Amino acid sequence: MPAGAGTSSYDATYAAWRRDPEGYWAEAARGIDWEEAPRRIFDPAAGPYGRWFPDARLNTCHNAVDRHVAAGRGAQAAILWDSPMTGRIETLTYAALQGRVARLAGALRERGVAAGDRVVIYMPMVPEAAIGMLACARIGAVHSVVFGGFAAAELAARIADAQPKVILAASCGLEPGRVVAYKPLLDAAIALSPHKPDRVLMLQRAQAEAALLAGRDEDWLAAEAGAAPAECVPVAATDPLYILYTSGTTGKPKGVVRDNGGHAVALRNSMAMLYGVGPGEVMFTASDVGWVVGHSYIVYAPLLTGATTVLFEGKPVGTPDAGTFWRVCAQHGVKAMFTAPTAMRAIKRDDPEGRLLAAHDLSRLEALFLAGERCDPPTAEWCAGLLGKPVIDHWWQTETGWPISGNFRGLGLFPARFGSGGKASPGYEVAALDEAGQPLPRGQSGTLAIRLPLPPGCLPTLWQADDRFRDSYLAAFPGWYNTSDAGVVDEEGYISVMSRTDDIINVAGHRLSTGAMEEVLASHPDVAECAVIGIRDSLKGQVPLGLVVLKAGVAKPEAAICGELVGLVRERIGPVAAFRDARVVSRLPKTRSGKILRATLRRIADGESYTVPPTIDDATILGEMEERLRGG
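Here the numbering used here is used: the first residue of the sequence shown is 26, the next is one more, and so on.
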């Protein structure tokens, strides 16, 4: 059914999954090549909550690369590397990708890496990042990608936990106006870690070549060129494909595990169902391979489908301007684009009228997908008005690996509601729970949770930490996975994620969502982006503080804008919000994936000590925030 059709088959598809979950996933599994096809679909007695396809065997790299070459797609583009940072655009066909992946896999095998061994990948947005991931998958090794440029202490913690035999790295990454040397960070991390890798394969980039340590470090391209190609090694569907670390509340990073079988089935199924992208079509996911979005929708899902994926080394603004995403879409014939709301807010801030879009032919772009944080309705409305295409906000997490909710282009879109992340994907039963773990009536706000078992593609556990997995996700609400997101499921099944549960503030006994207040602030015509945090108050316990970044060219006095913002919140949420303080800032502190560091802002505003988050994009902003919030 074409996207935007008047009727949707979503309800029928979701109902079919509810009636027969194992039958639904058995059918989806037919989209994957198996060395040994699954006879049993789900084993409820295995793992913390059960395991999918427990008796099956496959190879993920074969499914992502080799089978497409065998099917005659060898000459088709697999990866389009578009790098405004270097001024280069390169195409890697499926046949070329197969050759490079097989040789790198051979190089890893020659250096002692076998099925089950770990390989840490510390890379910028270059084709070798994906080649490294696929080479590990080819021989059954477990990759753990760490965002390039990550601080040495955080990288060391991941090396210590994963215990890699080999590290794949690049000599540097490129940021607007600067080159970030990775090798000193990597050397410092290895020195800090109690575990030492046997080998480091270093991709030398011309912008900053690295000195190699004799006996440990080798030139990546030389090692790859000199290796005999490796064949695909079948592994159990329940064997780990990768570990992706996410920050833990105890300081020790949590290693989210992704298995091979469920991951391949779920991602392959999601591409047509949700994104409406099929073999030979182009998807542009503007993220980074260091994040789950990059794992799932830059690398694995498009390649499992036989599509073409754009791997972009640049920024939404400044490389060279706020029209770069539109240039990429037009130049490469992108059908579906996926990015974070924060990227669109940056584009909106610099080009609010969308003048830079007018120079590009976007006739082949059919939809824009947004995820990574809640998308405020004004941003979604701006995107939809500018593009004249469906704008689909969808919700998922590092832990789930693919969308919990969305709108489904392959099923015919149902009406969009800006501010909602759509309806639950087939495979997920979502409810808002009260503090006792009981489902709330539709329309009431609570902690969003997913009824067990989680579907294929979600984490089966944490790396070597089943008990920590249970404590982190399952203990609070028996029978449910706790997303730690607060929100609402309405009468028609639309899910609205308002905030993380720790972003609910208590104002004089009233539990209020900072997300709801942010939605109001974002609706102001002069506001490009915003954050609301709860700060300590001796009378009310907490009161909200709004921080706003203005659109380019706004000349209205700050006091006037802040007065209007206070009035808006009072009008739309009411005096109960006790919203009396809004301040203009030049920018907001964010992670490299674009999430606003609200907890750090809260600690700064409350005068508490804080540590610089390892995921921060630019640490210098925290000094600005101290001056603005504490000098206020």
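Heads up, the beta-carbon is just placed ideally off N, CA and C, and yes, glycines get one too.
These figures come from a predicted structure and were not determined experimentally.
Since residue 556 contacts residue 572 with CB under 8 angstroms, what's their CB separation in whole angstroms? 5 angstroms
May I ask which residues mark the beginning and end of the alpha helix (DSSP H) holding residue 288? 285-295
Residue burial classification, residue 378 (beta-carbon count within 10 angstroms, cutoff 16): exposed
With a Cβ-Cβ cutoff of 7 angstroms, do residue 268 and residue 488 count as a contact? yes
Residue 516: buried (16+ other C-beta within 10 angstroms of its C-beta) or exposed? exposed
Boundaries of the beta strand (DSSP E) in which residue 415 is found, first to last residue: Segment: none, residue 415 is in no beta strand (DSSP E) and carries neither H nor E.
Give a yes or no on whether the C-beta atoms belonging to residue 429 and residue 453 are separated by under 7 angstroms. yes
Kindly indicate which three-state DSSP category residue 29 falls into: helix, strand or coil? Only weak support is given to the placement of residue 29: the predicted model assigns it a pLDDT of 39, under 50, and the value that follows is read from those uncertain coordinates. Correct three-state label for residue 29: coil.
Decide yes or no for the touch test of the stretch 366-373 against the stretch 124-144: beta carbon pairs closer than 8 angstroms, at least 3 of them. no
Taking contact to mean at least 3 C-beta pairs separated by less than 8 angstroms, is the stretch 491-498 in contact with the stretch 541-551? no
Mind pulling the beta strand (DSSP E) runs of 3 or more residues that sit fully within the stretch 340-379? 361-364
Cα-Cα, which of 253, 295 and 132 is closest to residue 227? 132
What are the boundary residues of the beta strand (DSSP E) that residue 232 is part of? It is not in any beta strand (DSSP E) - residue 232 carries neither H nor E in the DSSP assignment.
Please report the straight-line C-alpha distance between residue 597 and residue 439, rounded to a whole angstrom. 28 angstroms
To which residues of the same chain is residue 275 closer than 7 angstroms at the C-beta, ignoring the five residues directly before and after it? With a pLDDT of 47 at residue 275, under the threshold of 50, the modelled position of that residue is not reliable, and the figure given next carries that caveat. Correct list: empty, nothing qualifies.
Residue 85 by DSSP, collapsed to three states: which one? helix
Close beta carbons around residue 178, own chain, < 7 angstroms, minus the five adjacent residues each side: 217
Integer-rounded CB distance, given that residue 333 should sit under 8 angstroms from residue 4: Since the first residue of the chain shown is 26 and the last is 657, residue 4 is not available in this structure.
Please report the Cβ distance between residue 120 and residue 100, rounded to the nearest whole angstrom; I am assuming they are in contact, meaning their Cβ atoms lie under 8 angstroms. 7 angstroms
So, helix, strand or coil for residue 320, using DSSP? helix
Hey, out of 224, 202, 584 and 203, whose CA is closest to residue 194's CA? 224
Please report the straight-line C-alpha distance between residue 308 and residue 631, rounded to a whole angstrom. 43 angstroms
My output table needs one value for residue 168: the three-state DSSP class, helix, strand or coil. strand
Taking all protein chains shown into account, do 16 or more other C-beta atoms lie within 10 angstroms of the C-beta of residue 319, making it buried, or fewer, making it exposed? buried
Pick out whichever of 108, 574, 80 and 483 has its Cα sitting closest to the Cα of residue 421. 483
Once you ignore the five residues that flank residue 312 on each side, which residues in its own chain have a CB closer than 8 angstroms to its CB? 318, 319, 322, 323, 363, 364, 365, 397 and 618
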